[in-house]
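Residue numbers (full-length UniProt numbering): 1 to 327. Cβ coordinates follow ideal geometry from the N, Cα and C atoms, glycine included.
Here is the structure:
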C-alpha cells in the first residue's frame, strides 16, 4: 500500500518546519469585516478623530491666505493671488523682526529655566522621607496650574506692581517703591518666573510617574553598597528619568515659539510692544485687529515651519545621543 492510499490516521505527522510555514502565512481579513468586528473600538475613538479633523487639520487649508491679498468680503476663492509678496513684506518689516527676537529670547529662557524646574522639584520631593509633607507640598504647587492667566497677572500685580506689597514695604523702610510689572528691561525674566510659578507643580506629575517606574531593587542594592542619597539620585533616579526628559524636551522645543498669548496680551499695555510683542500677539494685532490677514497668516506659517524644523532637529540630536526620540 502506497503512502497516498494509507488511511488518514496513518499519514506521517507534520514536521515543525511545515507547521511554522503554515502558521506564518498572513491571514488577510477584509477591511469591512475588521471594522465590523472592532466597531465599538472605532466608535469610541470617532469623537477624537472628528475633533482633530475639524479643529486641527481642516483649518490648515486656511494657510493659502498667506499667498493672497485676502479680503474677508471676497473670501478665499475671490481674493487675488500674490505669490510670496506677503513673505517679502515680513522680511522687511521691523515689527516682525522685533516680535521674532522677543519670542526667541523668551523661548530660550523658558527652555533653560522653566523646563528643568519640574525635574528639580520632583527630585527634591522624591528625596523627602515624610509622605505627608510630600503630599502637602504637591497639593500646594499644583494649585496655580488651575488659575487663569487673568487671575495670575492680577496676583503678581498686587505683589510686584507699583502699588503692590513689595513697593509698599520698601516705601515704609525709606526706599523708593518699584514697579517690576511695568519694567520693560526685566519683563522677559518676569514672564519666565510667572510660567515657572504657574506650571512647575503640574509638570512634576509626569516625572513622578517616571520615578515610580524605576525598580526599587536598584535603590536597595545601592544602599547596601553604601551609596548616599545624592549618589542614588545621580546614578539611579536621573538615568531612569532620561527617556521621559528627552521626550518632553523634544515636545517643548516644538512649542517653544508659543510663549503665551494671553500672558503677553494682558501685560503688553504696561511694558509696551518693544518688550512684549511676540509672534502670537503680532498675528493677532496685524491680522484680526489690523485686517492685514495675508501678512499675519504668513507670519504664523513661518512660525509653524520653524517649529517643525526644531522638532525634527531635536529628535535627530536625541537619537544621535543614544535616545529613542519621538519620531
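Residue pairing from DSSP places residue 80 in a beta bridge opposite 69. Within the region 170 to 222, the runs of alpha helix (DSSP H) at least 4 residues long that lie entirely inside it are, in chain order, 187 to 212. Residues of the same chain with a CB within less than 8 angstroms of the CB of residue 140, apart from the 5 flanking positions on each side, are 201 in chain order.
Of 300, 305, 86, the smallest CA-CA separation from residue 67 is found for 86.
Rounded to the nearest angstrom, the Cβ distance from residue 111 to residue 315 is 15 angstroms, too far for a contact under 8 angstroms. Here the alpha carbon of residue 263 sits roughly 23 angstroms from the alpha carbon of residue 310. Judged by their CB atoms, residue 273 and residue 267 are not nearer to each other than the 8 angstroms cut-off. If the five residues before and after residue 105 are omitted, its C-beta is found closer than 6 angstroms to the C-beta atoms of 188, all from its own chain and listed in chain order.
Between the beta-carbon of residue 144 and that of residue 197 there is about 6 angstroms, and that keeps the pair under the 8 angstroms contact cut. Nearest C-alpha to residue 208 among 237, 181, 186: 237. Assignment of residue 92 by DSSP, reduced to helix, strand and coil, places it in the coil class.
Here residue 37 is exposed. Its C-beta has fewer than 16 other C-beta atoms within 10 Å.
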